[in-house]
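Notes follow the structure.
This is the structure we're talking about:
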């Protein structure tokens, strides 16, 4: 079973009815929606900080966008299920790069790396991703 199949079934879509290209486009759309939902969750976590700093909505979005990978990595580390070494091993990335990303020195990871980190984040924050999946599914079903 591909990684897309559970998402497709959650949304009520039969993945076998789509070409590889169509599935790739669907996967990209779902990935973007998932990232957007994760950003909204993080915005809620930082809302007191944003209020204190008197950030505008634009500034909040910029801050979350720029620090997205750092926030996700630190959230993974906060669960204590993975260490920097474990994340490096899982993502097949050198530890120094993980340190740079987690500390905010590198804010522009490769897309493939971001995907691996989000897959890992999904494994440690299952409930969050189940809620996001249900929300996205209801949006797809409403649009249909």
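In this note's numbering, the protein residues as written are 27 to 170. Even for Gly, the Cβ is constructed at its ideal location relative to N, Cα and C.
| query | result |
| --- | --- |
| By Cβ distance, which residues of its chain are closer than 8 Å to residue 121, with the 5 residues on each side in sequence left out? | 110, 111, 114 |
| For residue 92, which residues in the same chain have their Cβ closer than 8 Å to its Cβ, ignoring the five residues on either side in sequence? | 133 |
| Can you give me the start and stop residues for the alpha helix (DSSP H) that residue 94 sits inside? | 83-104 |
| Where residue 41 and residue 78 are concerned, what is the direct C-alpha to C-alpha distance, given to the nearest angstrom? | 46 Å |
| DSSP state of residue 45, grouped into three classes? | coil |
| Tell me, to the nearest whole angstrom, how far the beta carbon of residue 127 is from that of residue 96; I am working on the premise that it is less than 8 Å. | 6 Å |
| Quick one: is residue 144 buried, meaning 16 or more other Cβ sit within 10 Å of its Cβ, or exposed? | buried |
| Considering just the uninterrupted stretch of the alpha helix (DSSP H) at residue 74, what are its terminal residues? | 73-79 |
| According to the neighbour-count rule (16 or more other Cβ atoms, all chains shown, within 10 Å of its Cβ), is residue 159 buried or exposed? | buried |
| Exposed or buried, what is residue 56 when buried is set at 16 or more other beta-carbons lying within 10 Å of its beta-carbon? | buried |
| Is it buried or exposed for residue 94, if we count other Cβ within 10 angstroms and need 16 for buried? | buried |
| May I have the straight-line CA-CA distance separating residue 73 from residue 116, to the nearest angstrom? | 31 Å |
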